[in-house]
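Encoded as structure tokens, the structure appears first; notes follow it.
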Amino acid sequence: MCGIVGYTGSRQALPLVLGGLRRLEYRGYDSAGVAVMDGLGGLRIAKKAGVLANLEGCLESGPDPLTGHTGIGHTRWATHGGPTDRNSHPHTGASGKVAVVHNGIIENFAGLRADLESTGIEMSSDTDTEVVAHLLARAYETGPTAGDLPESMAVVCGKLEGAFTLVAAHADVPSMLVAARRNSPLVVGVGDGEMFVASDVSAFIAHTRQAIELGQDQLVVITPDTAEITSFSNSEPDYQRFYVDWDLAAAEKGGYPTFMEKEIFEQPAAIERTLLGHFDRSGIVLDEQRLDQRELRTVDKVYIVACGTAYHSGLIARYAIENWTRIPVEVELASEFRYRDPVLNGDTLVVAVSQSGETADTLEAVRYARRQGARVLAVCNTNGSQIPRESDAVLYTRAGPEIGVAATKTFLAQVTANYLVGLALAQPRGTRPALQIARDFEVLSQMPATVATTLTLMNPVRELARDLAASKAVLFLGRHVGYPVALEGALKLKELAYMHAEGFAAGELKHGPIALIESGLPVVVTMPSPKFRPVLHAKMLSNIREIQARGARTIVIAEEFDDTVAPFADYLIELPRVPALFQPLVATVPMQVLAAEIARSRGYDIDKPRNLAKSVTVE
Ligand code: F6R
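Structure representation (structure tokens):
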């Protein structure tokens, strides 16, 4: 949460910092701010509550431009202190010469703040970040680290508890930025005579593709020609250099009105890339460097831990993994997992699913699992991020950058990757014949084409969405793999359209939720295939009748040629037929389109839903 960026080089810093913030705005959009050093000992700051465009408007209409070759910027998701101008970053120390931007939470900030206030320092915001600015200013002005910004930052970091990425600028050293990280991401962009620091590479890939990912408890000092990395907790700095190989166009809207719509249309490619290279003559290949067949054979329990949409991908995969492997699979919300002391051991495989690779709860679940001796496999979309770094092995989803805050293409990629995990586990155990595994992989390989076909069928869903835009609530029902699809459909609608939405297992209806049904209430039902366990199909038809009898408006998602459903559907959405366990890969698509279109009809920002941020780096 929160996006931060810094630049030092020969070009004007402000446009580069603002350009970086534009790409990082998915991380938070409660306020934005910049600080630019004019090179003459002056530090100029501008900040404004609300989206970045508010700040840009102020800068355009302001009396004079912020000129200078070194600058920092921030786009905020508020934690301590409301989303106001005064709480916007950057924050400054008492002298006004040091400016700091921060992503994360300083957990011991209250004590530090009280200490500072007892020495007469007056705070001008409610944030935890301002405490860092004052501590840094003091360390730079007095004591053993006086006049040394990197050393001052190292000392200050030693006093902080919690999660932080910090970037600091000091007017005395106008061609230098000092950045530090613990539990929040930080990458350096190495340019030609210029350097960047940022929360992620999208902030600078228009300028350089050479990047360095910092490790835990590290500090980097950048000048136009150097990037020096040290550790502030006496450990060996283990950072990673890498080349950003994705196309800049991947982080642009490419003609679509919103990122989310573009990302919905990128789903076939996301599945295809996720599968790439994971099947050869020996069968399914996961992370051959770090996970061998012997280890997979001994797994006797699988936990899938994740949050939000990633959690739903785990719920879907459980049906396939248990079916294929006969290994018990638990799917847990990462925020609950470690607090209930689950029983894990060396034969437990924990699959940590995370698009960002930085979700705080999932990261802590990974750490907990490893402390208990379990093996951890990360399923992740972000190269080199913290969750894969701390896991034993990694399966990258390769969906490309996802800028829309609501997860779409990364969800289908996660479901695909989780299926690969299931097949890879089945392989050495012999619970599914090699030939069948090859067939399953073939089915997955056809999915990009099937999802592409599904996308061509979405116009009626758009019309329906306009019709539903005034509804107060929408319910979603499913059975078997359709149940997590219902949960995902409801989550998408909540987060994008701010509409009350709930997903239920259809069998649970009569245990309470049916009381919610009233005349005209839209209920979206995902039908199981009639060929797969006909009993499930029959029960679902009964459920539809029950809700229709009570006045619900039934919106039924069913596979093509399922003639039995039409009489019970006030609105029928037909999808291509696929094997039952893989149905979520197509059935989720109309849910995504429905939520996006209802949000648009209601006039909401589809890419930046209120109160949310894409990476949840605080618990
Ligand atoms: C919803 C959504 C979130 C994320 C969740 C986990 O559309 O995007 O529910 O799925 O915050 O994020 P990652 O996958 O980055 O760990």
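1016 is the number that the numbering used here gives the last residue of the sequence shown; the numbers go up by one with no jumps.
Glycine included, each C-beta is placed from N, C-alpha and C at the ideal position.
It should be emphasised that the depicted structure is a prediction, and the values quoted were computed from it without experimental measurement.
- Query: So is the beta-carbon of L890 under 8 Å away from any non-hydrogen atom of the ligand F6R?
  - Reply: no
- Query: Can you tell which of R420, G439, D461, P460 has the C-alpha that lies nearest to the C-alpha of L449?
  - Reply: R420
- Item | Exposed unless 16 or more other CB atoms sit within 10 angstroms - verdict on A551 | buried
- By Cβ distance below 7 Å, which residues in the same chain neighbour Q989 in space, the five residues on each side in sequence not counted? I661, T805, K889
- Message: What does the alpha-carbon distance come out to for the pair V865 and F838?
- Response: The displayed chain sequence assigns Leu, not Val, to residue 865. L865 and F838: Cα-Cα distance of roughly 38 Å.
- With hydrogens ignored, establish whether the beta-carbon of Y708 is closer than 8 Å to any heavy atom of the ligand F6R. yes
- Is E1016 near the ligand F6R, with its Cβ less than 8 Å from a heavy atom? no
- Of the choices A731, G705, K698, whose alpha-carbon is the least far from that of P725? K698
- Query: Cβ of Q347 within 8 Å of any heavy atom in the ligand F6R?
  - Reply: This structure leaves residue 347 out entirely; the chain is present only between 398 and 1016.
- Extent of the continuous alpha helix (DSSP H) run through E729: From DSSP, E729 is part of no alpha helix (DSSP H) but of the beta strand (DSSP E) over 726-730.
- Message: Alpha carbons only, please: which of G875, V585, A894 is nearest the one belonging to V920?
- Response: G875
- Tell me, to the nearest whole angstrom, how far the beta carbon of A432 is from that of A534; I am working on the premise that it is less than 8 Å. At roughly 14 Å, the Cβ-Cβ gap does not stay under 8 Å, so A432 and A534 are not in contact.
- Query: Whole-angstrom Cβ separation of L982 and V848, contact assumed at under 8 Å?
  - Reply: 6 Å
- Count the other CB atoms, across all protein chains shown, that sit within 10 Å of the CB of T951; report buried if there are 16 or more and exposed otherwise. buried
- Kindly indicate the opening and closing residues of the alpha helix (DSSP H) around C554. 546-556
- Query: Taking the continuous alpha helix (DSSP H) assigned at Y765, which residues delimit it?
  - Reply: 757-768
- Task: Identify, in the order they occur along the chain, each residue of the same chain with its Cβ nearer than 7 Å to the Cβ of A984, setting aside the five sequence neighbours on each side.
- Result: G879, V882, T923, I954, L972
- Task: Excluding the 5 residues preceding and the 5 following S522 in the sequence, name in chain order all residues of the same chain whose CB lies nearer than 7 Å to its CB.
- Result: G478, R483, N484, H488
- Does the Cβ-Cβ distance between T828 and T722 come in under 9 Å? yes
- Task: Assess, as a yes-or-no matter, whether the region 810-827 is touched by the region 628-647 under the definition of 3 or more beta carbon pairs within less than 8 Å.
- Result: no
- Item | Extent of the continuous beta strand (DSSP E) run through H499 | 495-503
- Task: Please classify A475: does DSSP put it in a helix, a strand, or coil?
- Result: coil
- Nearest-angstrom Cα distance between E649 and T405? 24 Å
- Item | Three-way DSSP call (helix, strand, coil) for G886 in this model | helix
- Could you check what DSSP says for A963 in three-state terms: helix, strand or coil? helix
- Query: Does the region 558-573 come within contact of the region 497-509, defined as at least 3 CB pairs closer than 8 Å?
  - Reply: yes
- Going straight from the alpha carbon of K659 to that of G490, what length do you get? 43 Å
- Message: Our contact map puts D684 next to A543 with C-beta atoms below 8 Å; I'd like the distance itself, whole angstroms only.
- Response: No, D684 and A543 are not in contact; Cβ-Cβ is about 48 Å, not under 8 Å.
- Query: So does G909 have its beta carbon nearer than 8 Å to some heavy atom of the ligand F6R?
  - Reply: no
- Item | C399: CB within 8 Å of a non-hydrogen atom of the ligand F6R | no
- Task: Drop a sphere of 10 angstroms on the beta-carbon of F958, count the other beta-carbons inside from all chains shown, and report buried for 16 or more, exposed for fewer.
- Result: exposed
- Message: Quick check on DSSP: helix, strand or coil for E625?
- Response: strand
- Could you tell me which of R786, A912, I442 sits nearest to G459, measuring between CA atoms? I442
- Check whether L418 and T472 have beta carbons under 9 Å apart: yes
- C-alpha distance - F629 paired with C554, whole-angstrom precision: 7 Å
- Task: Indicate, with yes or no, if the ligand F6R has a heavy atom lying under 8 Å from the CB of K1011.
- Result: yes
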